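Colleague: In the working numbering, the protein residues as written are 20 to 166. Below are the structure tokens for one structure; questions will follow.
Listed below in structure tokens is the structure:
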């Protein structure tokens, strides 16, 4: 019946992992899973179960966790949300000046403004920043590097 205790610990660790997504609790869950399987096969070998739990957990932390952190859900390699909009080409739906305007970025319509000269409706613009819920744009020039 010790396998049931190991199985419960495994489930608790997996639930904790879903809350943190740090891959630490998952490595311990792997160790407890191996211990549960060992307990089902050899119920009287508690020392072996503990040793296998420790070895599998340490190996997982040392080798699998670093790989998983590099390849899964890595937000450090790019910008997301409004920060990813910088450099995107948009289309001016209305005249744009320092106070107001509207642009279409991808499939979305945004309020916009420019700190440069006024931009006419229908002009290609590029997003140079976002202030609150308003895109800051300037007239698109293909020779500029906007990122």
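We put the CB at the ideal spot given by N, CA and C, even for glycine. Bear in mind that the values here come from a model prediction, so they are computed numbers and not experimental data.
Can you have a look at residue 73 and say buried or exposed, based on whether 16 or more other CB atoms are within 10 angstroms of its CB?
Modeller: When all chains shown are included, residue 73 counts as exposed.
Colleague: Which value, in whole angstroms, describes the spacing of the CA atoms of residue 59 and residue 102?
Modeller: Straight-line Cα distance between these residues: approximately 52 Å.
Colleague: So which of 61, 63, 113, 132 has the shortest CA-CA distance to residue 151?
Modeller: Nearest C-alpha to residue 151: 132.
Colleague: Is it true that the CB of residue 83 sits closer than 7 Å to the CB of residue 51?
Modeller: No, the pair does not count as a contact, with Cβ atoms beyond the cut-off.
Colleague: Consult DSSP for residue 158 and reduce its assignment to one of helix, strand or coil.
Modeller: The answer is strand: DSSP assigns residue 158 an E or B state.
Colleague: Is the region 108 to 126 touching the region 61 to 72, taking contact as three or more C-beta pairs under 8 Å?
Modeller: Verdict: no, contact absent.
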